[in-house]
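All remarks here apply to the structure that follows.
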Amino acid sequence: MEKFILAFVVGGTICVIGQLLMDGLKLTPAHTMVALVVTGAVLGGFGVYDDLIKFAGAGASVPISSFGNQLVKGALQEAEKTGLVGVLTGIFKVTSAGISAAIIFGFLAALLCKPKG
0 MEKFILAFVV
10 GGTICVIGQL
20 LMDGLKLTPA
30 HTMVALVVTG
40 AVLGGFGVYD
50 DLIKFAGAGA
60 SVPISSFGNQ
70 LVKGALQEAE
80 KTGLVGVLTG
90 IFKVTSAGIS
100 AAIIFGFLAA
110 LLCKPKG
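Numbering (numbering that gives the first Met the number 0), first residue to last: 0 to 116.
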């Protein structure tokens, strides 16, 4: 039970940080998303984000900051194997499922709903 509470608190804290960025600094949602992804990437590059995931589980692996961590993790793993080209291929290898799901579900939502743009 305490794992669920811990995940809720950490995930909620990440969301609160995003909300504070939008409200306090008047950032747009797009700027806030980029800030959270970059923060996750930087923390992942230093190896800190994996410790946060071990500590909080889904509370750290579900928010958008985890996407930045996965980008860096994939790039570093492939760079070790194949060199500079691995930086680009590793990014897509690790995150392709999430990117594909976002595109497919976005398309299905556009078919079911009436988009305004």
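Note that CB positions come from ideal geometry on N, CA and C, so glycine has one too.
Excluding sequence positions up to five away, which residues of its chain have a Cβ less than 6 Å from the Cβ of residue i?
i   : result
A78 : G85 and V86
Here's a check: name, in chain order, each residue in its chain whose Cβ is nearer than 8 Å to the Cβ of residue i, leaving out the five neighbours to either side.
i   : result
K97 : For the record, residue 97 in the displayed sequence is Gly; it is not Lys. Cβ within range, chain order: F66 and Q69.
T38 : S64 and G67
L5  : F54, A55, G56 and G58
Quick check on DSSP: helix, strand or coil for residue i?
i    : result
G82  : coil
L26  : coil
K125 : Because the chain spans 0 through 116 in this model, residue 125 falls outside it and cannot be assessed.
K72  : helix
V177 : Outside the displayed span of the chain (0 to 116) sits residue 177, for which this structure offers no information.
K92  : helix
C112 : coil
Applying the 10 Å Cβ sphere with the 16-neighbour rule, what's the burial state of residue i?
i   : result
G89 : buried
L19 : exposed
P62 : buried
L42 : buried
G46 : exposed
S60 : buried
Excluding the five sequence neighbours on either side, which residues of its own chain have a C-beta within less than 7 Å of the C-beta of residue i, listed in chain order?
i   : result
F7  : G58
Q76 : G89
Could you check whether residue j and residue i sit closer than 8 Å to each other, using their CB atoms as the reference points?
i    : j   : result
T31  : G10 : no
V71  : A34 : no
G105 : K92 : no
Within 8 Å (strictly less), CB to CB, does residue i reach chain D?
i   : result
T12 : Within the model displayed, chain D is absent; a lone protein chain is all it includes.
Consider the C-beta atom of residue i and the heavy atoms of the ligand PLP; say whether any pair is separated by less than 7 Å.
i   : result
T38 : Only the bare structure without any ligand can be found here, which leaves the ligand PLP out of the picture.
Tell me the residue span of the alpha helix (DSSP H) that contains residue i.
i   : result
F54 : V47 to A55
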